[in-house]
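Student: Dumping the structure here so I can ask a few things about it.
In the numbering used here, the protein residues as written are 97 to 304.
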């Protein structure tokens, strides 16, 4: 199998492609032949050595990556919910930048047929973060007005969509004018460009 390895923090040159033995799944595990992996802000922070969990829970060398999409290509003992060939999404604590990923069966979910592998791999980290915030902490009510910072980013885009689905009115904040259209597409009804607009005056006008 192939994977990306970071021996020590650095720039893009720290990302190295290597070939290693393909791991076998143990009891309760499955192996995914990855077709796509998500690329998140956290992965860049890992590369730069600024992600505390990477330093404290794993250390270097490390393979970044928190999410993959592909097909099951091997199943360990005591796994009866998955079969070889099943299209899936996998959530991993690092190690996602690889052609094959071994995960506990409970961290694997069926990939909706409507999603391509690339679309599916881009969903879990940002949408689960946003969903937890919205439905486990905020508990939204229809008609609320939300100010979503970094509305063109991954979590911000997810928050715009979840807010609209919950019946809330969303005002997105972006840092550049070229991000305005994306925030509108994601569900913001108004967008504040903090590089040109008066952020808090516009926000107070949206939610007096």
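Where a beta carbon is used, it is the ideal one built from N, C-alpha and C, also for glycine.
Pull up the CB-CB distance for residue 282 and residue 256, whole angstroms please, since I reckon it's below 8 Å.
Tutor: Right, their Cβ atoms sit about 4 Å apart.
Student: Are the CB atoms of residue 122 and residue 217 nearer to each other than 8 Å?
Tutor: Result no, Cβ atoms of residue 122 and residue 217 do not sit closer than 8 Å.
Student: With H, G and I counted as helix, E and B as strand and the rest as coil, what does DSSP make of residue 234?
Tutor: Here residue 234 sits in helix by DSSP.
Student: On the premise that residue 98 lies in contact with residue 113, defined as a C-beta separation below 8 Å, what is that separation, rounded to the nearest angstrom?
Tutor: About 6 Å separates the two Cβ atoms, so the contact holds.
Student: Is DSSP giving residue 188 helix, strand or coil here?
Tutor: Three-state DSSP puts residue 188 in coil, outside helix and strand.
Student: Taking the C-alpha atoms as reference points, what is the distance between residue 116 and residue 149?
Tutor: Taking the straight line joining both Cα atoms gives about 25 Å.
Student: What residue ranges within the stretch 125 to 182 form continuous alpha helix (DSSP H) runs of no fewer than 4 residues, ordered along the chain?
Tutor: The stretch 125 to 182 contains these whole alpha helix (DSSP H) runs: 137 to 144.
Student: For the beta strand (DSSP E) holding residue 286, just list the boundary residues, first then last.
Tutor: Taken as a continuous stretch (DSSP letters only), the beta strand (DSSP E) holding residue 286 covers 286 to 289.
Student: What is the residue span of the beta strand (DSSP E) that residue 335 lies within?
Tutor: Nothing can be reported for residue 335: it is not among the residues displayed for the chain, which extend from 97 to 304.
Student: Below 8 Å CB to CB, which residues in the same chain sit around residue 185 once its five sequence neighbours on both sides are set aside?
Tutor: Only 163, 164, 165, 204, 205, 206, 207, 216, 217, 219 and 220 meet the Cβ criterion.
Student: Among 235, 276, 242 and 125, whose alpha-carbon lies nearest the alpha-carbon of residue 249?
Tutor: Nearest of 235, 276, 242 and 125 to residue 249, Cα basis: 276.
Student: Whole angstroms are fine: how far does the CA of residue 242 sit from the CA of residue 233?
Tutor: Whole-angstrom Cα-Cα distance: 14 Å.
Student: Any idea if residue 139 is buried or exposed, counting beta-carbon neighbours within 10 angstroms, 16 or more meaning buried?
Tutor: It counts as buried.
Student: Going by C-alpha to C-alpha distance, which of 247, 259, 264 and 260 sits closest to residue 271?
Tutor: Closest option to residue 271, Cα to Cα, is 247.
Student: Below 8 Å on the Cβ atoms is my contact criterion, and I expect residue 194 with residue 130 to pass it. Report the Cβ-Cβ distance as a whole number of Å.
Tutor: Contact holds; Cβ gap of about 6 Å.
Student: Looking at residue 267: is its Cβ nearer than 8 Å to the Cβ of residue 284?
Tutor: For residue 267 and residue 284, yes; Cβs fall inside 8 Å.
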